[in-house]
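Residue numbers (my numbering): 2 to 328.
We put the beta carbon where it would ideally sit given N, CA and C, even for glycine.
Here the structure is a predicted model, which is why all the values come from computation and not from measurement.
Reviewing the structure listed below.
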C-alpha cells in the first residue's frame, strides 16, 4: 500500500494555451503553446517537484485535453488516482496573452466545464484525513455543485485535524459579481489555516490598502498564517505571534504565470519541513520559509509555462546560495 500523501490538492486543472509571442493580443498572436496548468494543479506539481508526496482530486472531461492533463500530472509524480473523468462536461481551456514584461491576461473557454461538477461523492474524506495539508482551489467556489463540495471538504477536513490551504486566485470575469466573489472567498478564508494571496487580492477582500493592516484583518478571519506576495518586491507573512517582510529577487522575467502557485507550494513545503505547529514558528523561521518561497516564485518567472518552470528543491537551494539577501 502506498504511503498517504502529505498534501492533497483539490480543485481545477486546465489546459493553458499561451501566446507564442509576447506583446500581441490573443487575436493577433501567430500561435500558441500548450501547457497543463491552473492554480490547484500547479500547487500539487510544485510540491511534488520539491519532493513532497502529493495527490490531486478534481474532474476533467473525457476528451483529449483531460487525458493530456492527467498524463502531465503523473509525469511529475502527482498521484492522479482520484481524478474523475466526466462524460458530460468538457475540460476547461484558457488562452493567455503575454506582455513584454512577462505579465499575462487570460480568456477562459467552456461555459460549463468538468472542474465545476465536482461532487462530495467524488471525494474520499478518509484519504483527505490522512493528508497533513489539504489545498482547496478557488475555482471550485465559482458555481455549484463544486462550491458546496469545496466548503464540505474544507469544513470536514478542518474538524478532522488537517490544515486547509487556500489561495483566492481572483478572476473576477468568471464570477457573477464582485460582491459574490468577495462573500464566497471570505467564507473560505474563515476556514483556511494557511492563506496566500497577492496585495491586490488582499485589498479586494479587505478594502484596506496597506498590506500589513490588510494581513491583520485577514488573520482575524481565522487563518493561522497569512502570506501576501508583491511580485519582485517580496512578501509579507504573519501569524498571531510574529510577522516578517522578506525582499524579493530580481530575475529576467519571461512569464509570471504560476509564480504565486510556486510560492505557495514552497510555503507549504517549508511548513511541512519544520515539523512543528505554525503557531510555534519564530520570526526567523517565518522569514527563512518566505525567502525559500520567494526564490521558488522568482525561478518560475524565468521560463515559459508553469509545470515545466516549477523548480525542484535543489534548484531553489542553488538559486538561494547564488542570491543572498537580507530580510
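Cβ neighbours of residue i in the same chain (closer than 6 angstroms, five flanking residues each side left out)
i, result
"residue 266", "44, 47, 48"
"residue 123", "85"
"residue 309", "none"
"residue 110", "94"
"residue 41", "10, 12, 13, 138"
Contact check, residue i vs residue j, beta carbons under 7 angstroms
i, j, result
"residue 99", "residue 23", "yes"
"residue 97", "residue 19", "yes"
"residue 261", "residue 249", "no"
"residue 175", "residue 143", "yes"
"residue 192", "residue 226", "no"
"residue 66", "residue 81", "no"
"residue 258", "residue 105", "yes"
"residue 209", "residue 218", "yes"
"residue 17", "residue 95", "yes"
"residue 302", "residue 254", "yes"
"residue 320", "residue 300", "yes"
"residue 222", "residue 190", "yes"
"residue 382", "residue 256", "In this structure the chain extends from 2 to 328, so residue 382 is not present and cannot be described."
"residue 292", "residue 51", "no"
"residue 147", "residue 137", "no"
"residue 268", "residue 133", "no"
"residue 247", "residue 281", "no"
Rounded straight-line distance, which links the Cα of residue j to that of residue i
i, j, result
"residue 113", "residue 89", "10 angstroms"
"residue 198", "residue 240", "15 angstroms"
"residue 3", "residue 54", "Note on residue 3: pLDDT 49, under 50, position unreliable in the model; the coordinate value appears next. Cα-Cα distance, rounded: 10 angstroms."
"residue 118", "residue 68", "17 angstroms"
"residue 181", "residue 322", "44 angstroms"
"residue 327", "residue 84", "Because the pLDDT at residue 327 is just 46, under 50, the model does not fix this residue reliably, and the point stays unresolved."
"residue 224", "residue 36", "32 angstroms"
"residue 11", "residue 160", "17 angstroms"
"residue 287", "residue 188", "26 angstroms"
"residue 60", "residue 232", "31 angstroms"
"residue 140", "residue 13", "6 angstroms"
"residue 178", "residue 184", "10 angstroms"
"residue 263", "residue 171", "16 angstroms"
"residue 78", "residue 72", "10 angstroms"
"residue 290", "residue 165", "18 angstroms"
"residue 325", "residue 316", "15 angstroms"
"residue 173", "residue 28", "22 angstroms"
"residue 75", "residue 64", "17 angstroms"
"residue 127", "residue 318", "35 angstroms"
"residue 276", "residue 220", "22 angstroms"
"residue 125", "residue 70", "21 angstroms"
"residue 156", "residue 206", "21 angstroms"
Contact set for residue i: own chain, Cβ-Cβ below 7 angstroms, skip 5 residues either direction
i, result
"residue 129", "9, 135, 154, 158, 163"
"residue 21", "30, 31, 32, 33, 34"
"residue 204", "210, 215"
"residue 62", "87, 90, 91, 92, 115"
"residue 101", "23, 24"
"residue 120", "146, 150"
"residue 15", "38, 39, 93, 94, 95"
Proximal residues to residue i (C-beta, below 8 angstroms), its chain only, five neighbours per side dropped
i, result
"residue 284", "243, 244, 245"
"residue 212", "200, 203, 229, 231, 237"
"residue 273", "7, 8, 53, 133, 134"
"residue 252", "233, 299, 300, 302, 303"
"residue 26", "98"
- Item | beta strand (DSSP E) runs wholly inside the segment 162-225, at least 3 long, in chain order | 164-168, 195-199
May I have a chain-ordered list of the beta strand (DSSP E) segments no shorter than 3 residues that lie completely inside the segment 20-78?
33-38, 55-62
Note to self: To test your reading of the DSSP string, which unbroken beta strand (DSSP E) runs of 3 or more residues are found completely within the segment 73-151?
What the structure shows: 84-87, 94-99, 105-110, 134-138
What are the uninterrupted segments assigned as alpha helix (DSSP H) that are 4 or more residues long and contained completely in the segment 261-304, given in chain order? 284-301
List in chain order: all unbroken alpha helix (DSSP H) runs of 4+ residues lying wholly within the segment 227-264. none
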